[in-house]
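Undergrad: Take 14 as the starting number for the sequence shown in this note's numbering and just add one per residue.
Quick reminder that beta carbons are idealized off the backbone N, C-alpha and C, glycines included.
Given the structure is predicted, the values throughout are model-derived calculations rather than measurements.
My structure is below; once you've seen it, I'll send some questions.
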Amino acid sequence: FLKSFKIQITPYGLCHYHFSKPQDQIFRRQISDCKMDGIRNFTAIDDLTRFHYQQNIEYIQNTRIRADIIKIMAEEKLSFTSSLIQDWSLIMETQ
Numbered sequence: 014f015l016k017s018f019k020i021q022i023t024p025y026g027l028c029h030y031h032f033s034k035p036q037d038q039i040f041r042r043q044i045s046d047c048k049m050d051g052i053r054n055f056t057a058i059d060d061l062t063r064f065h066y067q068q069n070i071e072y073i074q075n076t077r078i079r080a081d082i083i084k085i086m087a088e089e090k091l092s093f094t095s096s097l098i099q100d101w102s103l104i105m106e107t108q
C-alpha cells in the first residue's frame, strides 16, 4: 500500500496533495485544503471571498498487457462565495 502526502504549489494556491495506491492496478490522487491568498491572486481580499477547491482522480491500469493507464475517473469542484453578499457564489463541478 503506497501513500504519500505533501503541500504543493498549484494554480489554486498551496494545497494538500495526497497520492496513494489503495489496491493493485489503482492509483489515486487527491488535492484539497487549498489556501489561495494575495500572493497568487491579487484580486482576492482575505475573508471577503471564500475559496474552495477539491480534486479526486483515480487511475486504473491495464492488467493484461503492459501497465498502461486504461481508465481515468476524475471529479473536480471549484467554488467562490462572498462574505458580504450572501446570494453571490460561483460553483463549478466536472466529472
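Looking at the structure shown, is Ser33 part of a helix, part of a strand, or coil, going by DSSP?
TA: strand
Undergrad: Rounded to whole angstroms, what is the Cα-Cα separation between Lys84 and Ser17?
TA: 22 Å
Undergrad: Which residues in the same chain as Gln21 place their Cβ atom closer than 7 Å to its Cβ, once the five residues preceding and following it in sequence are excluded?
TA: Cys28 and Tyr30
Undergrad: Give the DSSP-derived three-state secondary structure of Ile83 in the structure shown.
TA: strand
Undergrad: What residues are listed by DSSP as bridge partners for Tyr72?
TA: Phe40 and Ile85
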